[in-house]
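Here's the structure we're looking at; comments come further down.
Numbering (my numbering), first residue to last: 101 to 644.
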């Protein structure tokens, strides 16, 4: 209290309004995976949660996508060709983040678990995502330890985990679910290994229910903090201008040149002589010139200048690769004159545009939250840049996905006649729980819990008496009234939608107060989705 000892005028300001609860963000994901680089100038960003608000931010810190490499194979009669992407050149993170922004995503965090070069050299391993602690060098922290300090993350996505061996995938997501349960403020949105393959419904080989399938490997712990989607999707995120003959390995490029010349020979009618000559010259120019072998250095140094080992000139020993402008020009000409080349490029694009759907779904979450609210189920909606599901799912197929005996529901993405491609499921992996069955219920509770927690912390060490109890009760009630008005809570009246209790004889005993506990009980009736709508029709007697 102010001391009045010197004559004068004193100003006293009194708070007119109580503290309020502010809703926390609900759709800020963290993406884990491999990147081209991970640096901010000289500072390494590996394993450091880095805030981004656009793809420009991502490129600034983490670089671009990995250039995919393909293998071209001819049939026995050399009349058809198949394209396969080399597994070492498959990385999903860059395009997954692009899908997140394309589907309405906003701010996010990215954690680089390693570079493309290291993953190609050493393989993609669980230890990239869960590095072994080094007592001598505790920094940087492991990803999930670092994420404990980033309080605004609400979703965890790791598309590159689908490139791991199934047991490594299991190890990463086991840690992720444990992290989500401990933080109580985020959900894991999981991509299924092999989700581009159809189900076999075999006890051993089925990707969902087999012995090495999703449900077997994901375990039983903390499943109310997770959701999964199937199948993978064919997207249109990789532009045709980014793929060319230069993405073929050396042997496949030689095979392509042979195939193009064979196609030219078999054309009917044959192109005019000048055109044929130009096409042959174009095909010949595609070949890569192998690097010359540098002369070996002398085994011993005799002391003369000519005997000293000399480092070969890099320019003289490098393989001759056309510059990007030449590649683009050749690619454009090939697309105009060769139907075979068009088919091969189309197949290559199909393979690089086949991606796990979780990152796109996180963008759908963000858009749904912004337009309708976190309490709206993120289902019965389309996905931007999605062309088709990798596997067609019928209503019969979805029965086991949506309501399995073990409750581990997998949300289907389907093409429905008259509606197109839609997300057709909104369940968590804890489908047998009536508390946590639906994604929107889990996420709404997270929002309410974290918002109220952040506001009530200002009352820590306040007097544990009736005035504090009333202030806390009114603050929480005012927040929940606003949520009820917005549609998050169900009830004809506010009293039907929620209740807040705090006080001696209500939520606390005298011993609780002596021990320093103030206990607040909040009950809420969260709106749940109408998953099954039954229409009943009956004929009636004519009455007039």
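Where is the CB? At the ideal position from N, CA and C, for every residue including glycine.
query                                                                                                                                                                                : result
Helix, strand or coil for residue 283, going by three-state DSSP, please let me know.                                                                                                : helix
Taking the alpha-carbon positions, what's the residue 611 to residue 156 distance?                                                                                                   : 57 Å
For residue 548, tell me which candidate among 289, 125, 293 and 116 has the shortest Cα-Cα distance.                                                                                : 125
Please list the terminal residues of the continuous alpha helix (DSSP H) segment that includes residue 498.                                                                          : 495 to 502
On the premise that residue 626 lies in contact with residue 544, defined as a C-beta separation below 8 Å, what is that separation, rounded to the nearest angstrom?                : 5 Å
Anyone know if the C-beta pair for residue 512 and residue 498 falls short of 8 Å?                                                                                                   : yes
Cutting at 7 Å between CB atoms, please list the residues of its own chain near residue 437, excluding the five before and the five after it.                                        : 379
Using alpha carbons as the reference points, say which of 432, 570 and 123 lies closest to residue 386.                                                                              : 432
Pairing CB atoms from the stretch 580 to 596 with CB atoms from the stretch 556 to 566, are three or more of them under 8 Å?                                                         : no
Helix, strand or coil: how does DSSP classify residue 344 here?                                                                                                                      : coil
Quick one, which of 501, 340 and 168 has its alpha-carbon nearest residue 329's?                                                                                                     : 501
For the putative contact between residue 333 and residue 489, defined by C-beta atoms under 8 Å, what is the C-beta separation to the nearest angstrom?                              : 6 Å
Name the DSSP bridge partner or partners of residue 527?                                                                                                                             : 538
Going by Cα to Cα distance, which pick from 149, 340, 184 and 614 is closest to residue 561?                                                                                         : 614
I'd like to know whether the C-beta atoms of residue 383 and residue 361 end up nearer to each other than 8 Å.                                                                       : yes
Starting from residue 623, trace the beta strand (DSSP E) in both directions and tell me its first and last residue.                                                                 : 620 to 624
Between residue 325 and residue 270, how many whole angstroms is the CB-CB distance? I'm expecting something under 8 Å.                                                              : That belief does not hold up - the Cβ atoms of residue 325 and residue 270 are roughly 16 Å apart, past 8 Å.
Please tell me whether residue 200 and residue 154 are closer than 8 Å, where the distance is taken between their beta carbons.                                                      : no
Since residue 520 sits in a beta bridge, which residues does DSSP pair it with?                                                                                                      : 516
Within the present structure, is the beta-carbon of residue 478 separated from the nearest heavy atom of the ligand NAP by less than 7 Å?                                            : Absent from the structure shown: the ligand NAP. Ligands present: none.
Within its chain, find whatever has a CB closer than 6 Å to the CB of residue 608; leave out the 5 residues flanking it on each side and keep chain order.                           : 619
If contact is defined by three or more beta carbon pairs under 8 Å, each pair taking one atom from either stretch, is the stretch 285 to 296 in contact with the stretch 253 to 266? : yes
Beta-carbon within less than 6 Å of residue 524's beta-carbon, same chain only, minus the 5 sequence neighbours each way: which residues are those?                                  : 512 and 514
Helix or strand or just coil, what does DSSP make of residue 404?                                                                                                                    : Its pLDDT being 49, under 50, residue 404 is placed unreliably by the model, and the measurement read from it follows with that caveat. Residue state, collapsed to three classes: coil.
Return the first residue and the last residue of the beta strand (DSSP E) that residue 335 is part of.                                                                               : 333 to 335
Looking at C-alpha atoms only, which residue of 434, 569 and 288 is the closest neighbour of residue 604?                                                                            : 569
When the Cα atoms are used, what is the spatial distance from residue 213 to residue 541?                                                                                            : 32 Å
Does DSSP put residue 546 in a helix, a strand or coil?                                                                                                                              : helix
DSSP on residue 322, reduced to helix/strand/coil?                                                                                                                                   : coil
In or out: residue 228 buried (at least 16 other Cβ within 10 Å) or exposed?                                                                                                         : buried
Does the pairing of the stretch 363 to 375 with the stretch 184 to 204 give three or more beta-carbon distances under 8 Å?                                                           : no
Between residue 158 and residue 152, what straight-line distance do the alpha-carbon atoms span, to the nearest angstrom?                                                            : 6 Å
Please report the straight-line C-alpha distance between residue 307 and residue 300, rounded to a whole angstrom.                                                                   : 8 Å
Do you know how far the Cα of residue 221 is from the Cα of residue 234?                                                                                                             : 22 Å
Using a Cβ-Cβ cutoff of less than 6 Å, which residues in the same chain neighbour residue 312 once the five nearest sequence positions on both sides are dropped?                    : 266
Can you name, in chain order, every residue of its own chain whose Cβ lies under 6 Å from the Cβ of residue 405, other than the five neighbours on each side?                        : Residue confidence for residue 405 is low, a pLDDT of 49 falling below 50, so the modelled location carries little weight; the figure read from the coordinates is stated next. Closer than 6 Å at the Cβ level, and outside the excluded window around residue 405, lies no residue.
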